[in-house]
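Novice: Start counting the sequence shown at 0; every next residue gets the next number (numbering that gives the first Met the number 0).
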Amino acid sequence: MIRQPNGIILVTGPTGSGKTTTLYSTLKQLAKPEVNVCTVEDPIELVEPTFNQMQVQHNIGLDFASGVRTLLRQDPDIIMIGEIRDHETADIAIQAALTGHLVISTLHTNDAPTAVTRLLDIGLPSYLIQSTILGVMAQRLVRTLCPHCKEPTDIDEDTWAEMVRPWKPNKPVKVYKPVGCLECRNTGYKGRIGIYEMFTFSPEIKHMITANADLPKLRQQAIKEGMRPLRLSGAQKVANGITTVEEVLRVAPPPIDS
Numbered sequence: 000m001i002r003q004p005n006g007i008i009l010v011t012g013p014t015g016s017g018k019t020t021t022l023y024s025t026l027k028q029l030a031k032p033e034v035n036v037c038t039v040e041d042p043i044e045l046v047e048p049t050f051n052q053m054q055v056q057h058n059i060g061l062d063f064a065s066g067v068r069t070l071l072r073q074d075p076d077i078i079m080i081g082e083i084r085d086h087e088t089a090d091i092a093i094q095a096a097l098t099g100h101l102v103i104s105t106l107h108t109n110d111a112p113t114a115v116t117r118l119l120d121i122g123l124p125s126y127l128i129q130s131t132i133l134g135v136m137a138q139r140l141v142r143t144l145c146p147h148c149k150e151p152t153d154i155d156e157d158t159w160a161e162m163v164r165p166w167k168p169n170k171p172v173k174v175y176k177p178v179g180c181l182e183c184r185n186t187g188y189k190g191r192i193g194i195y196e197m198f199t200f201s202p203e204i205k206h207m208i209t210a211n212a213d214l215p216k217l218r219q220q221a222i223k224e225g226m227r228p229l230r231l232s233g234a235q236k237v238a239n240g241i242t243t244v245e246e247v248l249r250v251a252p253p254p255i256d257s
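This is the structure we're talking about:
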């Protein structure tokens with residue numbers, strides 16, 4: 000998606016799920032001397048010399064929408080908007096994408112497909128969503144097991160089936176549990192890692208985005224096209240001994256059956 004010349008890419012998740020880190024690391028991949036990368040943030044969380052960064056100042060009327068309008072006069076190639084919160088910001092992001100810019104931003108939704116209904120709720124017409132959104136990635140952070148003290152344990156069939164539903168991959172022979180040692184300050188965990196859900200806008204998905212879009216059907220179609228829900232992404236890390244079942248069930252939303 001980031002290789003496209005124009006369009007909107009959204010990263011969704013609750014506060015503290017690593018969205019900003021994802022945006023910065025993506026922009027650092029894209030930032031080259033011949034590429035003008037501009038950001039509008041609230042606040043600027045990391046000063047990066049390869050970007051042109053602007054901080055929102057509400058007390059002087061500089062919000063996300065007016066910030067993007069100002070940037071559009073400075074010939075940017077890529078624009079990062081800290082968060083799409085309202086119709087005005089969403090509308091200016093759409094206008095930027097339609098005029099040949101790549102726009103990357105965040106949105107607060109529980110999973111990736113829900114971003115469509117959130118944009119419709121904000122007041123964007125469905126045809127603009129169809130023509131500008133390239134895709135949506137949802138993410139969460141799970142704690143990783145301490146490699147010095149983790150121990151093998153068993154997982155029952157019901158717990159595994161609940162985590163990977165509607166798929167039916169084989170249950171791993173062993174998973175790991177936290178124990179606690181001096182290296183991890185007796186927590187059993189050391190560090191964090193992301194789990195992801197990638198929702199790309201195929202022609203079939205775009206056709207289904209209407210003013211009364213059916214979210215369960217959108218989700219079903221995305222899964223049919225290969226989208227792995229957050230829990231399935233987490234289950235793979237459980238099977239690889241990176242994290243625990245409890246961590247994945249704590250942060251990833253349960254599957255929503257239609």
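Glycine included, every Cβ here is placed at the ideal spot set by N, Cα and C.
Which same chain residues end up closer than 7 Å to residue 30 when comparing Cβ atoms and leaving out the 5 residues on each side of it in sequence?
Specialist: Cβ neighbours of residue 30 beyond the five flanking positions: 36, 49, 50.
Novice: Would you mind listing the alpha helix (DSSP H) stretches within the segment 116-158 that are 4+ residues and don't spill past its ends, in chain order?
Specialist: Qualifying alpha helix (DSSP H) stretches, in chain order: 125-131.
Novice: Which residues bound the beta strand (DSSP E) around residue 176?
Specialist: It spans 174-176 - the beta strand (DSSP E) in which residue 176 sits, taken as one unbroken run.
Novice: Quick one, which of 133, 11, 188, 162 has its alpha-carbon nearest residue 148's?
Specialist: It is 188.
Novice: Have a look at residue 9 and residue 25 and give me their C-alpha separation to the nearest angstrom.
Specialist: Taking the straight line from one Cα to the other gives about 12 Å.
Novice: Taking only the alpha-carbon atoms, compute the straight-line gap between residue 166 and residue 158 and give it to the nearest angstrom.
Specialist: Residue 166 and residue 158: Cα-Cα distance of roughly 13 Å.
Novice: State the Cα-Cα distance for the pair residue 97 and residue 181, rounded to the nearest angstrom.
Specialist: C-alpha separation (whole angstroms): 54 Å.
Novice: Taking the straight line between their C-alpha atoms, what separation do you get for residue 115 and residue 208?
Specialist: Distance between the alpha carbons of residue 115 and residue 208: 8 Å.
Novice: DSSP three-state call for residue 58: helix, strand or coil?
Specialist: Residue 58: helix per DSSP, three-state reduction.
Novice: Counting pairs of Cβ atoms below 8 Å between the segment 234-246 and the segment 136-146, do you hit three or more?
Specialist: As far as the Cβ criterion goes, the segment 234-246 touches the segment 136-146, which means the pair count is three or higher.
Novice: In the DSSP output, what is residue 194 paired with across the bridge?
Specialist: Its beta-bridge partners are 139.
Novice: So what does DSSP say about residue 25, is it helix, strand or coil?
Specialist: Residue 25: helix per DSSP, three-state reduction.
Novice: Hey, residue 54 and residue 44 are a contact pair by Cβ (cut 8 Å); roughly how many whole angstroms apart?
Specialist: Not quite, the Cβ-Cβ distance comes to about 10 Å (not below 8 Å), so this is no contact.
Novice: Out of 156, 87, 226, which one is the CA nearest neighbour of residue 168?
Specialist: Residue 156 is the option with its Cα nearest to residue 168.
Novice: Using CA atoms only, rank isn't needed, just tell me which of 230, 154, 90, 162 is closest to residue 131.
Specialist: Nearest C-alpha to residue 131: 90.
Novice: Any idea what DSSP makes of residue 104, helix, strand or coil?
Specialist: If DSSP states are grouped into helix, strand and coil, residue 104 belongs with the strands.
Novice: Between the Cα of residue 128 and the Cα atoms of 95, 152, 150, which residue gives the shortest distance?
Specialist: Measuring from the Cα of residue 128, the nearest candidate turns out to be 95.
Novice: Between which two residues does the beta strand (DSSP E) carrying residue 6 extend?
Specialist: 6-11 is the extent of the beta strand (DSSP E) around residue 6.
Novice: Write down the C-beta distance between residue 229 and residue 251 rounded to the nearest angstrom, noting that I regard them as a contact closer than 8 Å.
Specialist: Confirmed, Cβ separation roughly 4 Å.
Novice: What did DSSP end up calling residue 88 once you bin it into helix, strand or coil?
Specialist: The answer is helix: DSSP assigns residue 88 an H, G or I state.
Novice: Note the first and the last residue of the continuous beta strand (DSSP E) segment covering residue 79.
Specialist: Here the beta strand (DSSP E) through residue 79 covers 77-80.
Novice: Quick check on DSSP: helix, strand or coil for residue 39?
Specialist: Strand at residue 39.
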